[in-house]
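Visitor:
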Amino acid sequence: MTTEASLTSTTASPTARQVWTRARGIALALVVLLAGAVAIAVVRSDARHGELDPRSADPGGSRAVAELLADRGVDTRVVTTLGEAATAAGPDTTLLVAAPDLLTPAQQTRLHKAFADSGGRTVLVSSGSASVERLAPGVTADPATSLDSTLAPDCALPAARRAGTADTGGVRYTTTHLGADACYPSERLATLLRLPDEKGNGDTVALGAPDILLNDRLDEQGNASLALQLLGSRPHLVWYLPSLSDTSATDTDDERGFFDLLPSGWLWGTLQLFVAAALAALWRARRLGPLVPEKLPVAIRASETAEGRARLYRKTDARDRAADALRSTTRTRLAPLVGVPVTQAHTPEALLPALSAHLHGAGQDQHALLFGPPPSDDTALIALADRLDALEREVRRP
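Once you know that position 22 of the sequence shown is 22 in my numbering, the rest is easy, because the numbers rise by one and skip nothing.
#1: Which of the three DSSP states, helix, strand or coil, is assigned to Pro185?
#2: Could you check whether the stretch 140 to 156 touches the stretch 184 to 195, counting it as contact only if at least three pairs of C-beta atoms, one from each stretch, sit closer than 8 angstroms?
#3: If I measure Cβ to Cβ from Ser118 and keep anything under 7 angstroms in the same chain, skipping five residues before and after, which residues do I get?
#4: With which residues is His236 paired in a DSSP beta bridge?
#5: Tell me, which residues are paired with Thr109 by DSSP?
#6: I need the boundaries of the beta strand (DSSP E) containing Ala116, first residue and last residue.
#7: With a threshold of 8 angstroms on Cβ separation, who are the neighbours of Ala345 within its own chain once the five nearest residues in sequence on each side are excluded?
#8: So, helix, strand or coil for Leu359, using DSSP?
#9: Taking Cβ to Cβ, would you say Gly61 is nearer than 7 angstroms to Asp53?
#10: Closest to Thr109 by C-alpha separation, out of Ala116, Arg134, Ala98, Asp101, would be which residue?
#11: With a Cβ-Cβ cutoff of 7 angstroms, do Asn223 and Asp167 count as a contact?
#12: For the candidate residues Leu228, Ala136, Val38, Gly269, whose alpha-carbon lies nearest to that of Thr174?
#13: Measure the beta-carbon distance from Leu207 to Leu192 and round it to whole angstroms, keeping in mind my assumption that it falls under 8 angstroms.
#14: With DSSP as the reference, label Thr252 as helix, strand or coil.
#15: When the Cα atoms are used, what is the spatial distance from Ile26 to Arg284?
#16: Check for me: the beta strand (DSSP E) holding Val132 runs from which residue to which?
#17: Checking 7 angstroms against the spacing of the C-beta atoms, do Leu369 and Pro375 come in under that value?
#18: What's the gap between the Cα of Arg397 and the Cα of His358?
#19: Could you pull the start and end residues of the alpha helix (DSSP H) that Ala86 belongs to?
#20: Excluding the 5 residues flanking Thr80 on each side, which residues of the same chain have their C-beta closer than 8 angstroms to its C-beta?
#21: Using only alpha-carbon positions, find the residue among Val171, Ser131, Arg162 that is nearest to Ser146.
#22: Please determine, among Arg321, Trp266, Ala66, Phe274, the residue with the shortest C-alpha to C-alpha distance to Thr94.
#23: Run the CB neighbour count on Gly36, radius 10 Å, all protein chains shown included, and call it buried at 16 or more, exposed below.
#24: Among the candidates Arg387, Asp324, Arg393, Val395, whose CA atom is the shortest distance from the CA of Phe371?
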């Protein structure tokens with residue numbers, strides 16, 4: 001190895017400092033993301049403790065409404081299994097289902113059969129498309145929730161008219177029942193539906209949001225009035241909080257697919273990940289702006305570069321590109337020698353007459369040599385290169 005080669009030979013592998021410089025931004029973003037996830041998990045775990053539980057005094061609990069109902073002679077009983085909820089349904093009972101979407105399809109069907117002809121009232125809190133069609137046939141939940149939380153009643157239901165505005169904005173419903181009371185509309189879709197039973201005095205209420213039942217929202221708007229009227233129409237209130245310990249969720253006739261096991265909102269979460277990945281790809285893309293020259297890690301001779309490009313041309317049989325490169329370079333070098341501006345070096349009408357004046361004798365067909373078709377094989381390409389070299393030597397000859 002020569003001294004020059006020893007001086008110019010360097011490794012192309014990045015150093016530890018370079019790797020850290022390139023990756024520190026991504027590492028910092030991952031650390032911030034992880035810290036944010038942990039913080040959100042901690043906050044949400046505290047906030048969801050006892051949510052919609054009439055025994056909980058937390059901001060998200062419902063102990064306040066249970067005590068107000070008790071002052072009016074309504075006793076509240078909490079149940080956590082489907083069997084207890086189904087047995088409790090009756091004409092003198094209001095059955096509140098706190099989280100209908102947590103029930104399996106088989107549980108939803110069984111619960112609906114239990115209260116359908118009971119003559120009592122059933123209140124479904126934030127029942128989405130996964131449950132409302134089984135628990136309240138003829139009702140459909142809109143995929144888009146209400147943008148507004150506080151809404152006006154805008155219906156003839158006496159309880160809603162007496163309560164006035166309330167925080168019902170959440171899941172929005174449509175129904176095919178002609179006798180249904182559609183209240184608190186958001187963009188023409190109701191966030192509270194009351195469906196009277198076809199037989200008897202019972203009814204089903206689909207409530208789009210749990211806000212009117214929460215301790216920290218009960219004293220706002222007409223929330224307390226609406227909650228007491230919806231839950232206090234019967235002397236007994238059964239508050240059903242679905243539990244993972246309920247053995248009815250493991251019935252053999254309940255066939256749940258993979259997507260049923262995923263939490264609600266997984267589709268939107270996946271879409272957000274794809275959008276984030278696309279934005280990251282655009283951010284990291286290197287071809288959105290002009291090319292920026294970079295220092296090569298090693299010194300490369302011009303002859304090696306030419307040889308490498310020639311091998312690439314040969315590997316892809318790109319004789320047309322190779323011939324164009326040879327002819328273009330030759331025309332560019334010949335133009336100043338014959339008195340033609342470089343900008344007109346690739347124009348036959350300007351270059352060929354001036355070139356003929358500098359040649360000794362008739363010579364060969366310069367148009368076919370400098371502007372002709374690509375060679376048909378490698379032998380013809382080599383012959384073309386030799387002829388171009390001979391032409392340039394003849395022009396340079398004094």
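We treat Cβ as the ideally placed atom computed from N, Cα and C, and that holds for glycine.
Guide: Quick answer:
#1: Counting from 1 along the sequence shown, the entry for residue 185 is found at position 185. In this structure, Pro185 counts as strand in the three-state DSSP scheme.
#2: Result yes; three or more Cβ-Cβ pairs closer than 8 angstroms.
#3: Along the sequence shown, one-based indexing puts residue 118 at 118. Once the five neighbours on either side are set aside, the close Cβ partners of Ser118 are Ala89, Gly90, Pro91, Gly202.
#4: Here residue 236 corresponds to residue number 236 of the sequence shown, with the count starting at 1. Partner(s): Asp75, Thr93.
#5: Position 109 of the sequence shown, counted from the first residue, corresponds to residue 109. For Thr109, which the question treats as bridged, DSSP gives no partner whatsoever.
#6: Working through the sequence shown from its first residue, we reach residue 116 at position 116. Run containing Ala116: none; DSSP gives neither H nor E here.
#7: For the purposes of this step, residue 345 is taken as the residue at position 345 of the sequence shown. So the qualifying residues of the chain are Arg331, Thr332, Leu334, Ala335, Leu351.
#8: As a first step, residue 359 is located in the sequence shown; it is residue number 359 there, counting from the start. Leu359: coil per DSSP, three-state reduction.
#9: Counting from one through the sequence shown, the residue named residue 61 turns up at place 61. Counting from one through the sequence shown, the residue named residue 53 turns up at place 53. In contact: Gly61 and Asp53 (Cβ atoms closer than 7 angstroms).
#10: The residue labelled residue 109 in the question sits at position 109 within the sequence shown. Of Ala116, Arg134, Ala98, Asp101, the residue nearest in Cα terms is Arg134.
#11: The residue labelled residue 223 in the question sits at position 223 within the sequence shown. The residue labelled residue 167 in the question sits at position 167 within the sequence shown. The answer is yes: Cβ separation under 7 angstroms.
#12: Your numbering for residue 174 matches position 174 in the sequence shown. Comparing Cα-Cα distances from Thr174 to each of Leu228, Ala136, Val38, Gly269, the minimum goes to Ala136.
#13: Numbered from its first residue, the sequence shown carries residue 207 at position 207. Numbered from its first residue, the sequence shown carries residue 192 at position 192. Confirmed, about 6 angstroms.
#14: Taking the sequence shown and counting its residues from 1, the one referred to as residue 252 is at position 252. Because the pLDDT at Thr252 is just 48, under 50, the model does not fix this residue reliably, and the value given afterwards should be weighed accordingly. Here Thr252 sits in coil by DSSP.
#15: Translated into positions along the sequence shown, residue 26 becomes position 26. Translated into positions along the sequence shown, residue 284 becomes position 284. Going from the Cα of Ile26 to the Cα of Arg284 covers about 11 angstroms.
#16: Here residue 132 is taken as the residue at index 132 of the sequence shown, counted from 1. No beta strand (DSSP E) holds Val132; the alpha helix (DSSP H) holding it covers 132 to 135.
#17: Counting from 1 along the sequence shown, the entry for residue 369 is found at position 369. Counting from 1 along the sequence shown, the entry for residue 375 is found at position 375. Remark: C-beta atoms of Leu369 and Pro375 do not approach each other more closely than 7 angstroms.
#18: The sequence position of residue 397 within the sequence shown is 397, counting from 1. The sequence position of residue 358 within the sequence shown is 358, counting from 1. Approximately 10 angstroms between the Cα atoms of the pair.
#19: To locate residue 86, count along the sequence shown from 1; it is residue 86. Start and end: 82 to 88.
#20: Indexing the sequence shown from 1 puts residue 80 at position 80. Taken in chain order, the residues that qualify are Tyr240, Leu241, Pro242, Ser243, Ser245, Asp246.
#21: As a working mapping, residue 146 is identified with position 146 in the sequence shown. Nearest C-alpha to Ser146: Val171.
#22: One-based indexing of the sequence shown puts residue 94 at position 94. Of Arg321, Trp266, Ala66, Phe274, the residue nearest in Cα terms is Ala66.
#23: Along the sequence shown, read from residue 1 onward, the residue named residue 36 stands at position 36. Gly36 is exposed by the Cβ-count criterion.
#24: Within the sequence shown, residue 371 is the residue found at index 371, counting from 1. Of Arg387, Asp324, Arg393, Val395, the residue nearest in Cα terms is Asp324.
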